[in-house]
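Asks:
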């Protein structure tokens with residue numbers, strides 16, 4: 001293996017990361033680019049965040065970044081994002097389904113609109129985007145979903161019923177698709193983090209709740225996005241080709 005390949009194990013690869021303008025998605029995009037991949041930065045509403053992430057990538061050595069606005073909770077939005085990826089960089093070698101939505105409502109206040117928004121963003125959009133991408137992805141390509149440790153935790157959040165349902169669905173999708181696409185040499189996995197310290201996570205939570213959530217981890221803290229993205233980057237590498245159909249916990253022993 002050449003020194004350049006060791007330093008940039010994803011050189012020459014194309015990565016598409018949904019919801020990658022900020023937080024975990026931005027960290028994943030930056031890490032993939034640092035490893036050499038050219039990356040599509042996807043956002044839905046706030047362009048300045050996508051521009052900031054793309055500038056960070058393009059001002060450093062590694063892969064290039066292109067920005068595409070698309071609502072990946074819709075099938076048409078996912079199709080458009082994929083088409084723009086092909087137009088700018090070519091077919092994706094790495095597809096990371098990071099975009100998500102987490103509503104917080106008790107059962108009594110849960111309605112059909114909230115149910116549909118959660119499932120459209122967290123399940124339907126990603127599934128049909130993979131369906132479209134699989135037609136053009138080459139053997140050896142990588143697909144990574146994001147799940148949550150809440151699907152296996154003994155302590156769950158009472159207001160996260162639909163979100164947890166969605167991530168349970170994603171985990172079953174991963175298992176089935178690994179058999180379906182694995183015959184073509186395309187791996188399908190998911191990472192399953194616990195709570196990650198992002199503005200979205202902290203929004204609406206009083207300090208005592210954040211302290212309690214941190215206490216559920218042995219290190220008594222909440223990880224930052226840069227502790228999650230290296231696992232995605234590893235799954236994208238050639239060396240990870242025999243990891244398929246797995247839900248990989250990245251949670252600091254929040255769940256064991």
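Numbering (the numbering used here), first residue to last: 1 to 256.
Beta carbons: idealized from backbone N, C-alpha and C, even for Gly.
1) Given a cut-off of 9 Å, decide if residue 11 and residue 41 are closer than it, judged by their beta-carbon atoms.
2) Under the three-state reduction of DSSP, which class applies to residue 3: helix, strand or coil?
3) May I ask you to report which of helix, strand or coil DSSP gives residue 221?
4) What does a CB cutoff of less than 7 Å around residue 242 pick up in its chain, not counting 5 residues either side in sequence?
5) For the 8 Å Cβ check, are there 3 or more pairs between the stretch 245 to 254 and the stretch 51 to 59?
6) Hey, which unbroken runs of the beta strand (DSSP E) at 3 residues or more fall wholly within the stretch 102 to 130?
7) As a quick exercise: from 116, 129, 158 and 159, pick the residue whose alpha carbon is nearest that of residue 97.
8) Any idea if residue 123 is buried or exposed, counting beta-carbon neighbours within 10 angstroms, 16 or more meaning buried?
9) So for residue 79, helix, strand or coil by DSSP?
10) Given a cut-off of 9 Å, decide if residue 99 and residue 74 are closer than it, judged by their beta-carbon atoms.
11) Taking just the CA atoms, how far does residue 174 sit from residue 116?
12) Could one say the Cβ of residue 246 lies closer than 9 Å to chain C's Cβ atoms, at least one of them?
13) With 16 other CB atoms within 10 Å as the buried threshold, where does residue 25 fall?
14) Any idea if residue 61 is buried or exposed, counting beta-carbon neighbours within 10 angstroms, 16 or more meaning buried?
15) Counting beta carbon pairs with one atom in the stretch 219 to 229 and one in the stretch 163 to 178, are three or more of them shorter than 8 Å?
16) Nearest to residue 9 by CA position, among 240, 247 and 244, is which residue?
17) Just mark residue 30 as buried or exposed, buried being the case when its beta carbon has 16 or more other beta carbons within 10 Å.
Replies: In this structure, then:
1) no
2) For residue 3, the predicted structure reports a pLDDT of 43, less than 50, and the residue's modelled location is therefore unreliable. The matter cannot be settled from this model.
3) coil
4) none
5) no
6) none
7) 129
8) buried
9) helix
10) no
11) 21 Å
12) The structure shown contains no chain C; it is built from a single protein chain.
13) buried
14) exposed
15) no
16) 240
17) buried
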